[in-house]
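Peer 1:
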Amino acid sequence: MKVDLINLTKKFMGITAVSSINLDIKDGEFVAFLGPSGCGKTTTLLMISGIYKPTTGDILFEGERVNHFPPKDRDIGMVFQSYALYPHMTVYQNLVFSLMLKRRPKDEMKAEAKRVADIMGIGTLLNRKPGQLSGGQQQRVALGRALIKQPKLLLFDEPLSNLDARLRISMRGEIKKLQNNLGITSIYVTHDQIEAMTMADRIAVIKDGILQAYTVPEELHDKPKTLFIAEFIGNPPMNLFEVKLLSEKGSLYADLGKGVKIGIPKTRTPKDTQKGVIKMGIRPQDLHAGKDKGIKTVIELVEPMGRDDLIVCQLGDKDIHFLTDPGLKLKTGNRINILPDMEKSQFFEIETGKSLLWA
Amino acid sequence: MGKETEEIRKIKPGRPDWFWFLFPSLLLIVLFFFLPIVITLIISGTNMSSTTGFHAWKWVGLNNFRKIAILPETADHFWLTVKYVAVTLAFFNIGMALVVSIITTHISRGTGFFFRALWLLPRITPTVTYVMMWKFLGANAPYGVFNQLIIQPLGLAPQNWVAASSFLFIVLVNGYIGASFGMIIFTSAIEAIPKDITIASLVDGASMLQRIRYVILPYIKWPLLFVTTYQTLSLMTSFEQIMVLTDGQFNTEVWSLWAYHKALQNYWGNFQWGFGNALAAVLVVVGIILGIIYLRYFKFNELVQDPKIESL
Ligand SMILES: Nc1ncnc2c1ncn2[C@@H]1O[C@H](COP(=O)(O)OP(=O)(O)O)[C@@H](O)[C@H]1O
Ligand SMILES: [Mg+2]
């Protein structure tokens, strides 16, 4: 189902929680709302589900304005971080609750329960109470309860945040696959950028109720429009530090202090080169340990992360993190040379946080 | 649990530590709950009255209870009490309390708070003042508010409504106060229902009535049981409002008021302490039996089952 949010705004007693959000969701698309806690993701979701009425702005389903439709008339299914299963009902009763409220025949309820129980692999749990299930099982039941209504729109509010790390990764894939197979338009709220990056077709980054960017994951990662996006997306996080722009003989350099200067390639020339001091960003995977070329420095700390080692060292007077192959067997105190891949560097205006490359 | 704790217990000499932990409340319970019951039961086995005084009384065994069983008015007092407790409980202490708490938790917080505060007024008004207001409301012309404002303007015959609808009045007077107790408890229980559960039920398509039936009532099952039990017992045993309103006239002599009249206040000045205590003892026994039935019926022990943490 195609969904449009137009100038969507929600105020609670004069305090703006969601500020004039505009975005469109295509039929069958999987969209993530990504942002730190308290940025207005849940509020936006609850307006889409019909629990909250927008203060101003419109919500369109298939082009039709649904602002005043109650939740039950919106063809939606919802999954919560807290699972929100009815604790006094069995799994079966939880699954068929929406059908029971509509007084559907017993046979239909049984058949439908079997259908979603098969999809979710919870057929053996039907007679249990939610209190007797693990978190992962409860979330499967909650998903089943959302699916049984054959919704046109699925709303997820941080559904995996209460699960342990392993389960989170496997459920992540499972939800993505399920959404792909069923083709149900989905909105997935999360504060976890890895979840958003791995699952979503498009990501809406929200900060303080304001939409920062709405685009595909690769673009958020490679062409962050604001400092906030650059800091928020990517793991380990991007190195960010203030540098002075120097222009010598027609070439541009970033001065990192202590006499360390790095050349900026033509393709990455910041828009306003007169700025003087700006923020430079470079991702940990875009710095490499060179043999003899590069900037000389000493390793201050090595954090083995399994596939990579995370190295901390000084570049000029800045602390910098980068990833290396554990096969290099680098140790604290080793002298190394660092080669930054400046073709991947980012530059931002300090006052506004706007990108000097993409904004 | 198990071995380790037992070993620790063995090491400590003297009284088990739980004894001192419970001692203050045990003392209170024994002094103010258990002893009075024992004294009631003892006196109910005597013919003690203001004629015999505290010295000339005799043991009469179960005679007082035999007398209760054969007195013709016993059945009247009994059925009146049953009717009074059941009606007040169903329509006010539970029914009205539920309605008020559901409504006031589904309107704006401030408004809800205001209406609940309104319901609390009679509870903080002195009983006599509160009951006198009801008396004036229903009093005969030319005083009664009801007569002056509604009956006479309509051209109908004024009368003493407290006397004419005595049962209704004792139910209203007690119910209006009693409802606020359940209201406070139900309100906090309803407000404790997780927000996500409410949202889930709305998304599932539940109407207000369906939400009450399938979500709210199951969620407040235990508070419901508690209020039912507690209010049954307190309606059975408290009589001060009725005493001030009618003093048992117009067929409002409920069992507890009967006991009070027999033991401590009657026209002939002979206070039949023995007989009155036998009446009270009947209340105690019925109360205990009812309590046990409630606990069994609502499976109260589920409420106090072992903590779940260890079985997770
Ligand atoms: N019912 C409410 N009443 C008042 N303020 C609210 C309410 N719901 C959310 N807010 C405020 O709106 C902001 C956004 O909240 P929310 O949408 O829950 O954030 P998120 O889901 O992104 O963590 C927060 O500052 C929160 O305090
Ligand atoms: Mg939230």
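Chains as they are written, first to last, in the working numbering: chain A, 41 to 399; chain B, 8 to 319.
All C-beta atoms, glycine included, are put in the ideal place defined by N, C-alpha and C.
(1) Answer yes or no: the CB of residue 79(A) versus the heavy atoms of ligand 1, is any distance below 7 Å?
(2) From residue 310(A) to residue 242(A), what does the alpha carbon distance come to, in whole angstroms?
(3) Shorter than 8 Å from the beta carbon of residue 119(B) to some beta carbon of chain A?
(4) Indicate whether residue 49(A) and residue 84(A) have their beta-carbon atoms separated by less than 8 Å.
(5) Quick check: residue 107(A) and residue 98(A), are their CB atoms within less than 8 Å of each other?
(6) Quick check on the DSSP output: the alpha helix (DSSP H) that includes residue 128(B) runs from which residue to which?
(7) Check the C-beta distance from residue 62(A) over to residue 74(A) and give it rounded, since I have them as a contact under 8 Å.
(8) So which of 284(A), 172(A), 286(A), 272(A) has the shortest CA-CA distance to residue 131(A)?
(9) Against residue 213(B), what residues of chain A qualify as contacts under a CB-to-CB distance less than 7 Å, listed in chain order?
(10) Rounding to the nearest angstrom, what Cα-Cα distance links residue 129(B) and residue 249(B) in this structure?
(11) According to DSSP, simplified to helix, strand and coil, what is residue 199(B)?
(12) If we cut at 8 Å on Cβ distances, does residue 317(B) have a partner in chain A?
(13) Using a Cβ cut-off of 8 Å (strictly closer), state whether residue 240(A) contacts chain B.
(14) Could you check whether the Cβ of residue 230(A) sits closer than 7 Å to any heavy atom belonging to ligand 2?
(15) So what does DSSP say about residue 107(A), is it helix, strand or coil?
(16) Pick out the complete alpha helix (DSSP H) segments inside the stretch 26-74 of chain B, 4 residues or longer, and give them in chain order.
(17) For a contact meaning CB atoms closer than 7 Å, what does residue 203(B) contact in chain A?
(18) Determine the contact status of residue 226(A) and residue 189(A), defining contact as a CB-CB distance below 8 Å.
(19) Taking 8 Å as the cut-off, does the stretch 44-64 of chain B touch the stretch 222-231 of chain B (at least 3 CB pairs, one atom from each stretch)?
(20) How about residue 248(A): is its Cβ closer than 7 Å to a heavy atom in ligand 2?
(21) Residues of chain B with a CB under 9 Å from the CB of residue 112(A): which are they?
(22) For the stretch 273-284 of chain B against the stretch 196-207 of chain B, are there 3 or more C-beta pairs whose distance is under 8 Å?
(23) Taking just the CA atoms, how far does residue 238(B) sit from residue 297(B)?
(24) Would you kindly check if the distance between the Cβ of residue 242(B) and the Cβ of residue 180(B) is under 8 Å?
(25) I'd like the ranges of any alpha helix (DSSP H) spanning at least 4 consecutive residues and lying wholly in the stretch 113-161 of chain A.
(26) With H, G and I counted as helix, E and B as strand and the rest as coil, what does DSSP make of residue 65(A)?
(27) When we look at the beta-carbon of residue 149(B) and count the other beta-carbons within 10 Å, is it buried (16 or more) or exposed?
(28) Below 7 Å, is the gap between the Cβ of residue 52(A) and the nearest heavy atom of ligand 1?
(29) Is it the case that the stretch 322-341 of chain A contacts the stretch 27-38 of chain B, given that we only count it when at least three CB pairs across the two stretches are under 8 Å?
(30) If contact means a Cβ-Cβ distance below 9 Å, which residues of the stretch 223-249 of chain B contact chain A?
(31) Between the stretch 184-204 of chain A and the stretch 156-170 of chain A, are three or more C-beta pairs nearer than 8 Å?
(32) For residue 119(A) and residue 108(B), I'd like the C-alpha separation in whole angstroms.
(33) Would you identify the three-state DSSP class for residue 412(A), choosing helix, strand or coil?
(34) What do you get for residue 77(A), buried or exposed, if any count of 16 or more other CB atoms within 10 angstroms of its CB means buried?
(35) Give me the chain B residues within the contact set of residue 137(A), using Cβ-Cβ distance strictly less than 7 Å, ordered along the chain.
(36) Give every residue of the same chain whose Cβ lies closer than 8 Å to the Cβ of residue 64(B), excluding the five residues on either side of it in the sequence, and list them in chain order.
Peer 2: Judging by the given coordinates:
(1) It does: the Cβ of residue 79(A) is within 7 Å (strictly closer) of some heavy atom of ligand 1.
(2) 27 Å
(3) At a cut-off of 8 Å, the C-beta of residue 119(B) has no neighbouring C-beta in chain A.
(4) no
(5) yes
(6) For residue 128(B), the uninterrupted alpha helix (DSSP H) segment begins and ends at 116-131.
(7) No, residue 62(A) and residue 74(A) are not in contact; Cβ-Cβ is about 17 Å, not under 8 Å.
(8) Residue 131(A) has its Cα closest to that of 172(A), out of 284(A), 172(A), 286(A), 272(A).
(9) 141
(10) 15 Å
(11) Reduced to three states, the DSSP call for residue 199(B) is coil.
(12) Low per-residue confidence applies at residue 317(B): pLDDT is 43, beneath 50, and the placement is therefore not dependable, though the value from the model is reported in the following sentence. No, residue 317(B) lies away from the interface with chain A (no Cβ there is under 8 Å from its Cβ).
(13) Judged by the 8 Å Cβ criterion, residue 240(A) is not in contact with chain B.
(14) No, Cβ of residue 230(A) sits at least 7 Å from all heavy atoms of ligand 2.
(15) When secondary structure is reduced to three states using DSSP, residue 107(A) falls in the coil class, being assigned neither helix nor strand.
(16) 42-50
(17) 120, 122, 124
(18) Taking 8 Å as the Cβ cut-off, residue 226(A) and residue 189(A) do not qualify as a contacting pair.
(19) Here the stretch 222-231 of chain B does not lie against the stretch 44-64 of chain B, with fewer than 3 beta-carbon pairs under 8 Å apart.
(20) No, the beta carbon of residue 248(A) sits no closer than 7 Å to any heavy atom of ligand 2.
(21) 209, 210, 211, 212, 213, 214
(22) no
(23) For the pair residue 297(B) and residue 238(B), the Cα-to-Cα distance works out to about 12 Å.
(24) no
(25) 131-141, 146-160
(26) strand
(27) Sixteen is the threshold: since fewer than 16 other Cβ atoms of the shown chains lie within 10 Å of the Cβ of residue 149(B), the residue is exposed.
(28) yes
(29) no
(30) 225, 226, 228
(31) yes
(32) 29 Å
(33) Residue 412(A) lies beyond the stretch modelled for chain A, which goes from 41 to 399, so this question has no answer here.
(34) exposed
(35) Those within 7 Å of residue 137(A) in chain B are 211.
(36) In chain order, 53, 54, 55, 56, 281 place their CB closer than 8 Å to the CB of residue 64(B), counting only its own chain and leaving out the 5 sequence neighbours on each side.
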